[in-house]
Amino acid sequence: MLILDPDDPAGWREAPAAVPGTPAASGNRFTEGLNPEQREAVEYRGQALLIVAGAGSGKTRVLTHRIAGLIDSREAWPSQILAITFTNKAAAEMRERVESLLGEGASGMWISTFHSACVRILRREAEAIGLSSTFTIYDSADTRTVLKRIIKELDADTMGFTPASAQSKISKLKNELSDVETYARNANMNDPQEAMFLEIFRQYTRRLRAASALDFDDLIAETVYLFRAFPNVASLYQRRFRHILVDEYQDTNHAQYSLIREFTQPVPAERVAEMSEHGFNVRGITDASGGIPGASLTVVGDSDQSIYAFRGADIRNISEFERDFPGAKVVLLEQNYRSTQNILSAANAVISNNFDRKDKKLWTAVGDGEKITGYTGYTAHDEAQFVADEIEALHRAGVAYRDMAVFYRTNAQTRALEEIFVRSALPYRVVGGTKFYERAEIKDAMAYLISVANPLDELALRRILNTPKRGIGPATETALSGFAEANGLSFREAMRSADALGLGPKVTGAIMALARVLDEAAAMLVPSSAGVAAGTNEGASKVSDVLVFLLEKSGLIDALRNSRDPQDETRAENVDELVAQTRDFDRDNPQATLVDFLTQVSLVAAADELDDASGTVSLMTLHTAKGLEYHAVFLTGLEEGLLPHQMSASEPGGPAEERRLFYVGITRARQRLYISLAMSRAQFGEVAVAMPSRYLQEIPEDLVDWKQSPGMATSRGGTRPRALNARPGQGGAWGTRDRDLERFSVTASAKPKAEWANRVTGTVRDNGDLTLEAGDRIRHVDFGEGRVSQVTGEGTKRIAHVSFDTAGQKKLLIKIAPIEKL
DNA sequence: GCTAGTTGTATTTTT
DNA sequence: TACAACTAGC
15 MLILDPDDPA GWREAPAAVP GTPAASGNRF TEGLNPEQRE AVEYRGQALL IVAGAGSGKT
75 RVLTHRIAGL IDSREAWPSQ ILAITFTNKA AAEMRERVES LLGEGASGMW ISTFHSACVR
135 ILRREAEAIG LSSTFTIYDS ADTRTVLKRI IKELDADTMG FTPASAQSKI SKLKNELSDV
195 ETYARNANMN DPQEAMFLEI FRQYTRRLRA ASALDFDDLI AETVYLFRAF PNVASLYQRR
255 FRHILVDEYQ DTNHAQYSLI REFTQPVPAE RVAEMSEHGF NVRGITDASG GIPGASLTVV
315 GDSDQSIYAF RGADIRNISE FERDFPGAKV VLLEQNYRST QNILSAANAV ISNNFDRKDK
375 KLWTAVGDGE KITGYTGYTA HDEAQFVADE IEALHRAGVA YRDMAVFYRT NAQTRALEEI
435 FVRSALPYRV VGGTKFYERA EIKDAMAYLI SVANPLDELA LRRILNTPKR GIGPATETAL
495 SGFAEANGLS FREAMRSADA LGLGPKVTGA IMALARVLDE AAAMLVPSSA GVAAGTNEGA
555 SKVSDVLVFL LEKSGLIDAL RNSRDPQDET RAENVDELVA QTRDFDRDNP QATLVDFLTQ
615 VSLVAAADEL DDASGTVSLM TLHTAKGLEY HAVFLTGLEE GLLPHQMSAS EPGGPAEERR
675 LFYVGITRAR QRLYISLAMS RAQFGEVAVA MPSRYLQEIP EDLVDWKQSP GMATSRGGTR
735 PRALNARPGQ GGAWGTRDRD LERFSVTASA KPKAEWANRV TGTVRDNGDL TLEAGDRIRH
795 VDFGEGRVSQ VTGEGTKRIA HVSFDTAGQK KLLIKIAPIE KL
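In our numbering, the protein residues as written are 15 to 836.
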């Protein structure tokens, strides 16, 4: 999926002599069909441009046309462009679109995420900051493991430190570009809490250094430090990139902001002269003083879609852009090309409740469209059944599954949705969530590769030390690390000389054997002498071959295959899938190294996994949904405590950010928007009463057609559990006034149709080999009786198409549906 | 050093 | 619920 940028380091010193073009020369070819504001954003030439782009206002179009225009008019070579996007997928798409606009490849362009761009720079310049160019990138789980060890060793848990709390604090500091020393200077050492945290931070930094590893936040921060500490290195990039474009600017944090500032600094004349002497071509890019002026900066963003404050995103970066870059031009894009007016009106109404924002109203020329459909389920399963039914109805009406998406606030909400979707034989895919690369067996296999690529990475080594089981326990591990420390060796070196430790012969043999396997794998990666001479990877073994070698020689794959744990069968299959992925990687990137593969894996984002060609409904969190659009969108779990989330209440700006999240969700929909909630939701395995989200009231009532409103669901019938009759408590945002509930009763559609049949439970049954055929009558736990009209599929995937007497048409996966034949 | 069983505890969003 | 950490017994 991710394509390695074809930028070629050999061309690094070549002359990208720009032919300065006149703005008008960018031609009409790239402004045709654009509205006046879009056109202005594409054509403007100046130091700084802020494009305030409302949702669906065609910002990707503007960005791609702007880049294509710059290249086509010869104002810039592709290699002088640096475009930062939020995901790798967006980057790949942007590259594709630019290339198709130009009708040719645009190699040398850097279009990537902040993190990918930084890794690329850091690997190239690693030496300068005393890092191995094969440094490992630690993900949050790795960070957590390291912190867990540190906290245990320091007994910091007695002071209330947890890996999670330390992790988020360290992350916040790094996003503010505060390193250990900076923190130490300002810390109040009389406060034992603070002193302890400093020690944790210090240890953490030390260990990452020793392992030649960087965490996600380091990638950005270290690049900034690199540029600041080595102006001559920074100049290389300042000279090269003449046009910097940043998408989703509202979600940049301080470190990213600082990085952009570094990129756009001018290069003073004396350094330009120096560079020129060293053979760097600066022709055509110097100004009258002989220096290189700062690169032009284009940022695109929408403060209403800022949803990453928890990750340090600072909304001031965009709101104070004009102050930061004096003379900046601002272009406002308000015409929406995505959604119907009803959807936009709802979005506008909701977001206008956020005070302290620049007023901005999205509008469209496409017309009102259909009303928003609302539904209140009794349980999460009931809600999920509504979603499944509506998806099926849309599908029958001709909407492809891939054009529909279900959004939710927390990953935990997928469970009920998945259960119902499986039962309903709906093709779906969960985007993000527990990712493939987070599975234990995959992390194990990856740890082998990492140990080979970066021998200093102790975390990876410790992970594989006893995986598969080799009889090397914690005692041996401690002995090894003690030996390493006492002799000034790395953990890996200690393993090689394990025979000097006086351990048992079996354990010693196991350690030495593992060390040997790793050494042999490392030898496979050395390029041939011809390759070394040419600076290529010629002669090195392919990633897939190294992986297969490691899996076999280490015994990992055999251990999984021969295990009697039935789950290990799936694990072995996952490992095989990893091998298949490395084969794909080798095929797609013949020149790439093992480190390239590891980098790519470290930096995949949830949205990168999206496969446009798949014929499935997509399920994802609201955060992942940013930047995407679908014909039909289902916003689920619109309850107090979920959206806004409980945890956001205590955070400053929390409720406003949650509202933006809701806004982002609404504006993903092109034609149809569905909003739903459940009156009760299982948490802790206990059922708790749920209150409608405060944000629901903010949607004008005439825009929503409630098939079952919150009012109806509380005021009707006596068959539901008592808990549901409970009055909303004091302080509940939904209020205690009856008017609030009445509002929904009044707007509720007058047709009390099949909704009562939809009181779906989580019941699952194994029907084994129940055979059904068209014409059979069945009884379903939730839907009552019905007649089978058709049976499709094979084996465990047989699907019954059933017309229920009261609940309508449904598809059921026969094996697990709670049904019986009559 | 390994395994199974038990107890305890935490549950937001992500590059 | 569900998973991590701890304990007991091999």
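Note that beta-carbon positions come from the ideal geometry of N, C-alpha and C, so glycine has one too. All values reported here derive from a predicted model rather than from experimental measurement.
For residue i, three-class secondary structure by DSSP
| i | result |
| --- | --- |
| Q804 | strand |
| P541 | coil |
| M203 | coil |
| G502 | coil |
| E110 | helix |
| D261 | coil |
| P714 | coil |
| R793 | strand |
| G293 | coil |
| Q823 | strand |
| K765 | Note on K765: pLDDT 30, under 50, position unreliable in the model; no value is reported. |
| A67 | strand |
| Q61 | coil |
| E46 | coil |
| Y251 | helix |
| G117 | coil |
| R578 | coil |
| I833 | strand |
| R695 | strand |
| V615 | helix |
| I828 | coil |
| T810 | helix |
Residue from the options with nearest C-alpha to residue i
| i | options | result |
| --- | --- | --- |
| D417 | F648, F400, R285 | F648 |
| R88 | A120, V76, L64 | A120 |
| N368 | K829, R801, P669, E834 | P669 |
| W124 | A814, Y197, T99 | T99 |
| F505 | I833, P519, M526 | M526 |
| T490 | I792, K520, L503 | K520 |
| D301 | P666, A287, R137, G293 | A287 |
| S359 | I713, K829, S723, K721 | I713 |
| E236 | S272, W91, E113, R253 | S272 |
| L212 | V593, R199, Y152 | R199 |
| I284 | D265, G298, G293, I306 | In the sequence under discussion, the amino acid at residue 284 is Glu, which differs from the Ile named in the question. Of D265, G298, G293, I306, the residue nearest in Cα terms is I306. |
| T650 | L836, A467, V420, T78 | V420 |
| D559 | L592, T550, D572, A548 | L592 |
| D819 | M705, R793, G807, K835 | R793 |
| S438 | R43, G174, P832, A459 | P832 |
| D790 | Y422, V380, V816, G807 | V816 |
| I151 | K186, L187, E472, D370 | E472 |
Integer-rounded CB distance, given that residue j should sit under 8 angstroms from residue i
| i | j | result |
| --- | --- | --- |
| M634 | G516 | About 54 angstroms; that fails the 8 angstroms criterion. |
| A683 | Y644 | 7 angstroms |
| Y58 | I365 | Contact flag wrong, Cβ pair sits at about 27 angstroms. |
| G268 | G326 | Note that residue 268 is His in the sequence shown, not Gly. Their Cβ separation, rounded to whole angstroms, is 7 angstroms, which keeps H268 and G326 in contact under 8 angstroms. |
| T424 | L570 | Actually they do not touch by this definition, with Cβ atoms about 34 angstroms apart. |
| N350 | L376 | 5 angstroms |
| A821 | V802 | Their Cβ separation, rounded to whole angstroms, is 14 angstroms, which puts A821 and V802 out of contact at 8 angstroms. |
| T176 | L259 | That pair is no contact at about 40 angstroms. |
| G308 | Q279 | 6 angstroms |
Cross-strand partners of residue i (DSSP beta bridge)
| i | result |
| --- | --- |
| T127 | T99 |
| Y688 | T387, F648 |
| M634 | F421 |
| P706 | E653 |
| D719 | T387 |
| F818 | G800, G822 |
| Y152 | D229 |
Item to check | Unbroken stretches of the beta strand (DSSP E), 3 residues or longer, contained in the region 406-456 | outcome: 418-422, 442-444
Item to check | Ordered list of alpha helix (DSSP H) runs contained in the region 648-685, each at least 4 residues | outcome: 668-680
Checklist entry - Counting only runs that start and end within the region 327-390, where is the beta strand (DSSP E) found for 3 or more residues in a row? => result 343-347
Checklist entry - What runs of the beta strand (DSSP E), each 3 residues or longer, lie entirely inside the region 161-240? => result 227-229
Item to check | Within the region 456-503, ranges of the alpha helix (DSSP H) (whole runs, at least 4 residues) | outcome: 472-479, 488-500
Checklist entry - Which full runs of the beta strand (DSSP E) of 3+ residues lie inside the region 274-319, going along the chain? => result 310-315
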